[in-house]
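Chemist: Residue 9 is where the sequence shown starts when you use this note's numbering, and the numbers rise one by one after that. Backbone N, C-alpha and C fix where the C-beta goes; we use that ideal spot for every residue, glycine too. Here the structure is a predicted model, which is why all the values come from computation and not from measurement. Sending over a structure as structure tokens; questions will come in a sec.
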Amino acid sequence: GSTEGYRQGPSQDARLPARSCHVLGSESAHLKAAVNGKTVFLLLDSGSSRSLCPQKLVRPRDIKPADQKLLAANGTEIIVLGQAVIQLRISGLMIETTMLVTPQLDGILLGL
Numbered sequence: 009g010s011t012e013g014y015r016q017g018p019s020q021d022a023r024l025p026a027r028s029c030h031v032l033g034s035e036s037a038h039l040k041a042a043v044n045g046k047t048v049f050l051l052l053d054s055g056s057s058r059s060l061c062p063q064k065l066v067r068p069r070d071i072k073p074a075d076q077k078l079l080a081a082n083g084t085e086i087i088v089l090g091q092a093v094i095q096l097r098i099s100g101l102m103i104e105t106t107m108l109v110t111p112q113l114d115g116i117l118l119g120l
């Protein structure tokens with residue numbers, strides 16, 4: 009289920025609303041989300057400091073240069089085409105975030 013709570017913002021004194029999600033009965037934290045009207049699966053990854061989006065969800069003109077080298081947990085290099093601002097809709101909540109774009113994923117990896 010989802011509960012409402014509050015967390016302190018990193019550089020502000022104001023309290024920001026926060027939503028807590030609990031994953032039950034699953035080995036991994038997958039959520040269903042929508043990007044540009046398309047349903048995608050999103051993996052929450054507490055071991056990643058960066059978020060990644062598949063190339064197929066991003067218009068080429070929206071990809072901006074990003075000088076990043078990434079390695080997967082198994083040591084494989086991840087191809088980074090650039091970065092883009094992505095709007096995610098999760099359970100009716102709209103979230104906008106900058107993600108690295110790669111042709112190597114089918115779903116979104118949301119680094120925490």
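Leaving aside the five residues before and after A74 along the sequence, list all residues of the same chain whose C-beta is less than 7 Å from its C-beta, in chain order.
Modeler: So the qualifying residues of the chain are V88, G90, Q91 and L108.
Chemist: Is L120 buried or exposed, if buried means 16 or more other CB atoms sit within 10 Å of its CB?
Modeler: Classification of L120: exposed, given that the 10 Å Cβ count is below 16.
Chemist: Rounded to whole angstroms, what's the CA-CA distance from D53 to P68? Just pull it up for me.
Modeler: Computed Cα separation, rounded: 26 Å.
Chemist: Once the 5 residues before and after H38 are set aside, which same chain residues still bring their CB inside 6 Å of it?
Modeler: Closer than 6 Å at the Cβ level, and outside the excluded window around H38, lie F49 and L51.
Chemist: Would you mind sorting V66 into buried or exposed? The rule is 16 or more other CB atoms within 10 Å of its CB.
Modeler: Flag for V66 reads buried.
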